[in-house]
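As structure tokens, the structure follows; a few thoughts come after it.
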């Protein structure tokens, strides 16, 4: 089709963005352009191809059959173009360019933010776009290069670099332990005040085991439940009871002495599925120098045994 020769990669990129977001205005906002200019680009594509690519609705747009077909091939072409650009970039041997990162809110604040200054000083040609959210992100739809995630790794479409397993600690303030005593067995927690996390799936149970024994669940009670870890941690530091949280979350409180780990000879968890702290990227993408550099940097920052577990 002669009209294909008139299409630019820029136009194809904008077209794919419209397919993904379903809105001229949203694409225009992200690109810093006027919505009318996006609409005009699509109209020129349709004129060049002699086919309608989009259905225009009042609040959204959707692809025609021709639009879906072009979209599939456009994605492949754009991925190949990006790979070629990355290969040329890596010939310079210095990582450069934009790296789009997504990370959980609290983990990003505690364990990414403190290291960003040195990362930017070490690699001045890198540009970082860091989005922090606890909701699911599809990297193919969102354009994310690297996801920091904590949990069960079961998505076979993603590749992963595991930093460390997520380890939990049972802790309370020294003042609480002085008033109420230190339990020597998880069963004794049933007689204590416990501050349990409560999310959309309900209140967490706490699981304990010693050595390679069987896990035993405990349904604990206390004056406060909630869905914000920092609030429950603050309550524990004020002497209101025990918390069970990951070591990366309360490690600073343990080092500062505002919380004290208890029952350290037991393993504790809030789920029986092994959870990992990892960096993820789409398995369909070649790992670029710039993304590999960011991963390697945080591997070195966290350490073989991460600093929050030392």
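Residue numbers (the UniProt record's numbering): 1 to 310. Every residue gets a Cβ at the ideal spot worked out from N, C-alpha and C, and that includes glycine.
Buried versus exposed call for residue 145 [16 or more other C-beta atoms within 10 Å across all chains shown]: buried
C-beta atoms of residue 23 and residue 66 nearer than 7 Å: no
Spatial distance of residue 134 from residue 271 (CA atoms): 18 Å
Whole-angstrom distance between residue 63 and residue 19, CA atom to CA atom: 7 Å
Residue 223 vs residue 207 beta-carbon contact at 7 Å: no
Simplified DSSP assignment, three categories, for residue 130: strand
Alpha helix (DSSP H) segment containing residue 125, residue limits: Careful: residue 125 lies outside any alpha helix (DSSP H) and carries neither H nor E.
Whole alpha helix (DSSP H) elements within the stretch 199 to 271, 4-residue minimum: 229 to 237 and 247 to 256
Beta-carbon contacts of residue 219 that lie in its chain and below 7 Å, excluding the five residues immediately before and after: 205
Cβ-based neighbour list, residue 41, same chain, cut-off 7 Å, excluding 5 preceding and 5 following: 11 and 14
Other residues of its chain near residue 81: CB distance less than 7 Å, five sequence neighbours each side excluded: 9
Sequence ranges, alpha helix (DSSP H) only - wholly within the stretch 150 to 196, length at least 4: 174 to 180
Check whether residue 129 and residue 100 have beta carbons under 7 Å apart: yes
CA nearest to the CA of residue 279, picked from 241, 232, 107 and 51: 107
Distance CB(residue 227)-CB(residue 202) smaller than 7 Å: no
Within 7 Å, strictly: CB atoms of residue 123 and residue 95: yes
Rounded distance between the beta-carbons of residue 209 and residue 267, thought under 8 Å: 5 Å
When 247, 157 and 287 are compared against residue 110, the one with the closest alpha-carbon: 247
Whether residue 168 touches residue 291 by CB criterion (7 Å): no
Straight-line gap, residue 115 to residue 156 (C-alpha atoms, nearest Å): 30 Å
Nearest residue (CA-CA) to residue 258, options 298, 235 and 274: 235
For residue 49 and residue 1, the rounded distance between their alpha carbons: Confidence is the limiting factor: at residue 1 the pLDDT is only 48, short of 50, which leaves the residue's position unreliable, though a coordinate-based value still follows. Taking the straight line joining both Cα atoms gives about 7 Å.
Span separating the alpha-carbon of residue 85 from that of residue 97: 10 Å
Contact belief for residue 166 with residue 277 at Cβ below 8 Å, rounded distance in angstroms: 6 Å
Exposed unless 16 or more other CB atoms sit within 10 angstroms - verdict on residue 83: exposed
Sub-7 Å separation of residue 159 and residue 281 beta-carbons: yes
DSSP bridge partner residues for residue 56 (one or two, in chain order): 61
Residue range of the unbroken alpha helix (DSSP H) whose run includes residue 276: Taken as a continuous stretch (DSSP letters only), residue 276 belongs to no alpha helix (DSSP H), being part of the beta strand (DSSP E) at 276 to 282.
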